[in-house]
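Inspection log for the structure reproduced underneath, given as structure tokens.
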Amino acid sequence: IMSSASAQKSWSLYNVLILIRICVAPLLTGYVHPDEFFQGGQELWFGCPPTKPWEFESNNALRSVVPPTIMTWLPLRLCSTILGVSIDHLPGWYVWVIPRVACAIASILAVDCSVWVLSSRPKLDNKESLSKASTDGVPTPVLLIASAWPTMVLLNRPFTNAM
Numbered sequence: 001i002m003s004s005a006s007a008q009k010s011w012s013l014y015n016v017l018i019l020i021r022i023c024v025a026p027l028l029t030g031y032v033h034p035d036e037f038f039q040g041g042q043e044l045w046f047g048c049p050p051t052k053p054w055e056f057e058s059n060n061a062l063r064s065v066v067p068p069t070i071m072t073w074l075p076l077r078l079c080s081t082i083l084g085v086s087i088d089h090l091p092g093w094y095v096w097v098i099p100r101v102a103c104a105i106a107s108i109l110a111v112d113c114s115v116w117v118l119s120s121r122p123k124l125d126n127k128e129s130l131s132k133a134s135t136d137g138v139p140t141p142v143l144l145i146a147s148a149w150p151t152m153v154l155l156n157r158p159f160t161n162a163m
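Residue numbers (my numbering): 1 to 163.
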């Protein structure tokens, strides 16, 4: 069981990592994959003119529009509804940042929570751990995942390879 000071430090560290993931990482420029900007959905709905890249064409059937719809269109649609404007009138900066923030939040809910649950499960071979499972601090595996560069970079980008 963690001491109170250790538990507080682990929570502080995790909160900083979450802030970086949601507030800083989505603003990072550059790309990590050559197809990043052609798999994120922006070109499907906001291209000039909107066109489907060859991977999304039905006769090629290499990619589905479902991931870009979840990662890009839905967050932008929600944002446009909240702001009371048409999705076509969102500033370009919103089209770039909002899907990244949504992916960061989704990565916390999907990846961090999964690792948390798996790492917090008591070992079945140790009867003492069944009764003394620690829940007061952030588990070390969660801190490791939250601070890893793939989490900070890849999981904050709305492209199908990351999903």
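Each residue gets a CB set at the ideal place from its N, CA and C atoms; glycine is no exception.
Exercise for review: For Leu62, count neighbouring C-beta atoms within 10 Å of its own C-beta (all shown protein chains included) and say buried if the count is 16 or more, exposed if not.
Suggested key: Classification for Leu62: exposed.
Review point. Can you tell which of Ser58, Ser114, Ile22 has the C-alpha that lies nearest to the C-alpha of Leu183?
Key: Since the first and last residues shown for the chain are 1 and 163, residue 183 lies out of range.
Check your understanding: When DSSP labels each residue in this structure, what does Asn156 get in the three-state scheme?
Key -> Residue state, collapsed to three classes: helix.
Check your understanding: Are the beta-carbon atoms belonging to Ser10 and Leu118 less than 8 Å from one another?
Key -> No.
**Study point:** Where the alpha helix (DSSP H) containing Ile108 begins and where it ends
**Key:** Careful: Ile108 lies outside any alpha helix (DSSP H) and carries neither H nor E.
**Study point:** Straight-line gap, Tyr14 to Val97 (C-alpha atoms, nearest Å)
**Key:** Near 22 Å, if we compare the C-alpha coordinates of Val97 and Tyr14.
Review point. Would you report the Cα separation of Phe4 and Asn156, rounded to the nearest angstrom?
Key: Looking at the sequence provided, one finds Ser at residue 4 rather than Phe. Approximately 32 Å between the Cα atoms of the pair.
Check your understanding: Closer than 8 Å, CB to CB, is Pro53 near chain B or not?
Key -> Looking for chain B here will not work: only one protein chain is present.
Check your understanding: Starting from Val65 and walking both ways along the alpha helix (DSSP H), at which residues does that stretch end?
Key -> In the DSSP annotation of this structure, Val65 is not part of any alpha helix (DSSP H), being labelled neither H nor E.
Review point. Quick one: Cα of Phe159 to Cα of Pro67, how far?
Key: Answer to the nearest angstrom: the Cα atoms are 8 Å apart.
Practice item. Would you mind stating whether Ser147 and Leu19 have Cβ atoms separated by less than 8 Å? Key: Against a cut-off of 8 Å, the Cβ pair of Leu19 and Ser147 comes out as no contact.
Exercise for review: Check Asn15 in the structure and name its three-state DSSP category.
Suggested key: The DSSP-derived three-state label of Asn15 is helix.
Check your understanding: Excluding the five sequence neighbours on either side, which residues of its own chain have a C-beta within less than 7 Å of the C-beta of Cys79, listed in chain order?
Key -> Excluding sequence neighbours, Cys79 sits near Leu90, Tyr94, Ile98.
Exercise for review: Using the Cα positions of Ala102 and Met71, report the straight-line distance between them to the nearest angstrom.
Suggested key: For the pair Ala102 and Met71, the Cα-to-Cα distance works out to about 7 Å.
Review point. Secondary structure at Asp136, three-state DSSP: helix, strand or coil?
Key: Three-state result, Asp136: coil.
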